[in-house]
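Throughout, this note's numbering is defined as the position within the sequence shown, counted from one, plus 246. Here's the structure we're looking at; comments come further down.
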Amino acid sequence: MVDEPPRGVTGLGWLETLRGRLYGRLLLLLAVGLVFMTLAGLDILSPGIGALAYGAIVALAALVPETAESAAGVVSGGSQGELAFADAVRHFADALPDPAVVLDARSVIIHLNREARHHFPGVVAGTPIAFTLRSPQLLSAIEAARLGPAQTIELHQTVPTETWYKATIAPLLPGAQGKDGILVITLQSLTEAKRLESLRTDFIANASHELRTPLTSLVGFIDTLLGPAANDKVARERFLGLMRGQAARMSKLIDDLLSLSRIEMRQHVRPITPVDLGPLLREVAEGLQVQAAETRTRLDVRLPEGSVVVSGDRDELYEVFENLIENAIKYGADGDNIEITLTPDTGRTGFAALVSVVDHGVGVAEEHVPRLTERFYRVDAESSRKKKGTGLGLAIVKHIVTRHHGLLAIRSQPGQGTRVEVLLRK
């Protein structure tokens with residue numbers, strides 16, 4: 247027998263209940279649909295009759311309550327007090343800003359609020375929580391909460407992505423501990439905090455390592471100049487040149503760290519100043535001509551007729567294209583051409599310009615490409631340090647493009663060079 251909306255439940259809440267029932271029976275409905283399609287394909291069943299029958303099954307699946315709803319007093323036939331209590335439980339869970347899951351006395355999921363359905367799409371009302379959240383620590387905390395005070399644990403999941411939650415398990419009513427009590431699990435996301443902490447730790451470790459190497463070299467050179475080479479003019483001049491190079495490397499690293507910090511501080515504010523990209527790209531290329539000549543590389547700047555104006559911060563966009571072209575000179579095109587192309591017609595709604603930087607160097611293996619914009623990530627650390635790379639260039643590029651609400655794409659294959667594209671908005 248199908249049920250009617252409980253008193254006090256709005257039309258939206260009733261639709262949400264129907265949607266939840268269909269979601270909970272999704273696998274069964276898919277299996278039944280596959281059977282009907284097979285029968286129709288074999289001409290055993292008329293497609294029209296099959297469609298009508300399947301529609302009737304879907305309607306019944308939506309209207310017939312699940313066991314967990316019956317246990318919560320949702321169906322007609324429960325007492326007025328039970329209906330009001332079940333309704334209050336749902337409204338209580340839906341009012342919480344964090345994901346909330348309500349369990350009955352058998353640890354079957356009675357209700358999930360909107361946030362819980364968003365964060366845990368695989369958790370379905372009407373199923374035991376042990377079937378969908380397979381965490382021994384969580385199940386132990388549930389049993390402990392039935393016998394004593396509220397429990398708090400850290401829930402760590404690795405599938406489909408790594409997430410952390412602070413889970414609090416408590417009886418709905420203070421005096422309802424025991425087997426007959428309803429439990430409420432609230433989950434506060436710790437994922438962003440954990441990732442920031444990991445990022446901070448990695449950042450400090452990497453920055454310290456990058457600074458320690460040139461500092462160690464400087465200390466060694468100074469000790470040599472104060473000792474064995476104190477009166478050796480030739481050695482002194484050579485060591486001073488090496489010390490200058492190491493100092494320049496540290497200075498570049500500190501400049502990149504400060505630049506990255508400034509960008510992150512303004513990450514949430516999109517710049518809106520009009521910037522003409524043609525003269526900007528020409529200026530960047532001219533500033534790197536000496537560096538390109540040292541590697542026998544030619545910068546081929548291809549600009550359209552007329553102006554191509556985007557909204558942005560000119561200094562930051564200069565830094566983006568300087569980093570991209572400098573990377574191409576250092577790592578991708580020794581003795582070859584680098585094509586820098588500005589295209590006004592991007593073919594993408596909302597975007598005004600596409601800038602591509604293409605080199606014809608050794609390229610990068612596919613597994614490295616997604617990580618190229620990570621801080622301090624290097625495909626070949628030794629080669630990068632010899633070419634005075636800090637490992638922060640593409641991280642800066644990514645943050646600036648993100649601040650401009652643009653898109654960054656990197657494509658590369660070994661032996662075929664690298665193509666970097668930047669899409670910018672009007």
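Cβ atoms here follow ideal geometry from the backbone N, Cα and C, with glycine treated the same way. What you are looking at is a predicted structure, and each value in this text was computed from that prediction instead of being measured.
Own chain partners of residue i with C-beta closer than 6 angstroms, once the 5 adjacent residues on each side are dropped
| i | result |
| --- | --- |
| Thr-666 | First, the amino acid is wrong: residue 666 is Val here, not Thr. Same-chain partners within the cutoff: Leu-570, Val-603 and Ile-656. |
| Pro-293 | Ala-286 |
| Ile-518 | Ser-557 |
| Asp-605 | Ala-574, Gly-578, Ala-579, Ile-584, Gly-663 and Thr-664 |
| Ser-658 | Gly-609, Val-610, Val-615 and Thr-664 |
| Thr-256 | Residue placement at Thr-256 is flagged as unreliable, the pLDDT there being 46, under the threshold of 50; a coordinate-derived value is accordingly withheld. |
| Ala-387 | Gln-397, Ile-399 and Ile-415 |
| Phe-282 | Gly-296 and Tyr-300 |
| Pro-520 | Val-555 |
| Glu-551 | none |
Beta-carbon gap between residue i and residue j smaller than 8 angstroms
| i | j | result |
| --- | --- | --- |
| Asp-522 | Ser-497 | no |
| Ala-599 | Val-556 | yes |
| Arg-528 | Val-547 | yes |
| Gly-301 | Leu-285 | no |
| Ile-642 | Leu-506 | yes |
| Ala-538 | Leu-545 | yes |
| Val-405 | Val-348 | no |
Closest residue to residue i among the options (Cα-Cα distance)
| i | options | result |
| --- | --- | --- |
| His-357 | Val-278, Ala-371 and Asp-561 | Ala-371 |
| Glu-400 | Leu-393, Gly-652 and Lys-440 | Lys-440 |
| Arg-380 | Leu-486, Ala-362, His-364 and His-402 | His-402 |
| Pro-345 | Thr-378, Tyr-411 and Ala-302 | Tyr-411 |
| Arg-676 | Gly-652, Ser-507 and Asp-469 | Missing from the structure shown is residue 676; the chain here goes from 247 to 672 and no further. |
| Ala-376 | Glu-361, Leu-288 and Arg-352 | Arg-352 |
| Leu-274 | Gly-287, Ile-303 and Gly-294 | Ile-303 |
| Thr-541 | Val-530, Ser-658, Glu-572 and Ala-387 | Glu-572 |
| Thr-373 | Asp-350, Ala-339, His-364 and Leu-419 | Asp-350 |
| Glu-620 | Ala-362, Arg-446 and Ala-494 | Arg-446 |
| Ile-428 | Leu-298, Ala-339, Pro-382 and Thr-543 | Ala-339 |
| Leu-384 | Phe-282, His-364 and Thr-432 | Thr-432 |
| Ala-494 | Leu-472, Ser-463, Asn-477 and Arg-508 | Ser-463 |
Rounded separation between residue i and residue j - CA only
| i | j | result |
| --- | --- | --- |
| Asp-502 | Ala-453 | 11 angstroms |
| Leu-654 | Val-601 | 10 angstroms |
| Val-354 | Ala-334 | 18 angstroms |
| Leu-393 | Ile-415 | 12 angstroms |
| Thr-409 | Gln-434 | 11 angstroms |
| Glu-510 | Ala-611 | 29 angstroms |
| Val-278 | Val-369 | 22 angstroms |
| Asp-289 | Leu-280 | 14 angstroms |
| Arg-671 | His-650 | 8 angstroms |
| Gln-535 | Leu-640 | 21 angstroms |
| Leu-461 | Phe-485 | 14 angstroms |
| Val-465 | Glu-483 | 16 angstroms |
| Ile-450 | Leu-638 | 13 angstroms |
| Val-480 | Pro-474 | 12 angstroms |
| Gly-491 | Arg-360 | 58 angstroms |
| Ala-305 | Ser-444 | 49 angstroms |
| Leu-342 | Thr-459 | 51 angstroms |
| Leu-588 | Gly-524 | 7 angstroms |
| Arg-336 | Pro-590 | 53 angstroms |
| Leu-291 | Thr-398 | 55 angstroms |
| Leu-419 | Pro-382 | 25 angstroms |
| Arg-363 | Leu-298 | 30 angstroms |
| Thr-313 | Glu-438 | Any reading at Thr-313 needs caution, since the residue's pLDDT is 46, under 50, leaving its predicted position unreliable; the model's value is listed next. One C-alpha to the other measures close to 36 angstroms. |
| Gly-487 | Arg-508 | 32 angstroms |
| Leu-504 | Leu-442 | 18 angstroms |
| Thr-407 | Leu-472 | 55 angstroms |
Same chain only: Cβ atoms within 8 angstroms of residue i, ignoring 5 sequence neighbours per side
| i | result |
| --- | --- |
| Gly-607 | Ala-574, Tyr-577, Gly-578, Ala-579, Asp-580, Asp-582, Gly-663 and Thr-664 |
| Leu-526 | Arg-560, Leu-563, Tyr-564 and Phe-567 |
| Arg-617 | Tyr-623 |
| Gln-423 | Reliability of the predicted coordinates at Gln-423 is poor, the pLDDT of 47 falling under 50, and the value obtained from them is presented with this limitation in mind. For Gln-423, where only same-chain residues beyond five positions count, the Cβ hits under 8 angstroms are Ala-391, Arg-392, Leu-393, Gly-394 and Pro-417. |
| Leu-436 | Glu-400, Trp-410, Tyr-411 and Lys-412 |
| Thr-696 | Look at the range of the chain in this structure, 247 to 672, and you will see that residue 696 is not part of it. |
| Gln-513 | His-645, Thr-648 and Arg-649 |
| Ala-531 | Leu-545, Val-547, Ile-571 and Ile-586 |
| Gly-596 | Arg-671 and Lys-672 |
| Pro-660 | Val-608, Gly-609, Val-610 and Ala-611 |
| Gly-533 | Glu-568 |
| Thr-378 | Ile-355, Phe-366, Gly-368, Val-369 and Val-370 |
| Ile-468 | Met-489 |
Cutoff 7 angstroms; reference residue i; Cβ partners in own chain excluding five residues on either side
| i | result |
| --- | --- |
| Leu-457 | Met-496 and Leu-499 |
| His-614 | Val-625 |
| Thr-470 | Phe-485 |
Self-check item: beta strand (DSSP E) runs wholly inside the segment 381–443, at least 3 long, in chain order
Solution: Those beta strand (DSSP E) runs which fall completely within the segment 381–443 and span 3+ residues are 397–403, 409–417 and 429–435.
Practice problem: With a floor of 3 residues, list each beta strand (DSSP E) that falls wholly inside the segment 474–499, ordered by position along the chain. | Solution: DSSP runs (the beta strand (DSSP E)) wholly in the segment 474–499: none.
Quiz item: Going along the chain, which unbroken runs of the beta strand (DSSP E) with 3 or more residues stay wholly within the segment 577–630?
Solution: Every beta strand (DSSP E) of 3 residues or more that sits fully in the segment 577–630 is shown, in chain order, as 583–589 and 597–605.
Quiz prompt | beta strand (DSSP E) runs wholly inside the segment 492–564, at least 3 long, in chain order | solution = Listed in chain order, they are 519–522, 544–548 and 555–558.
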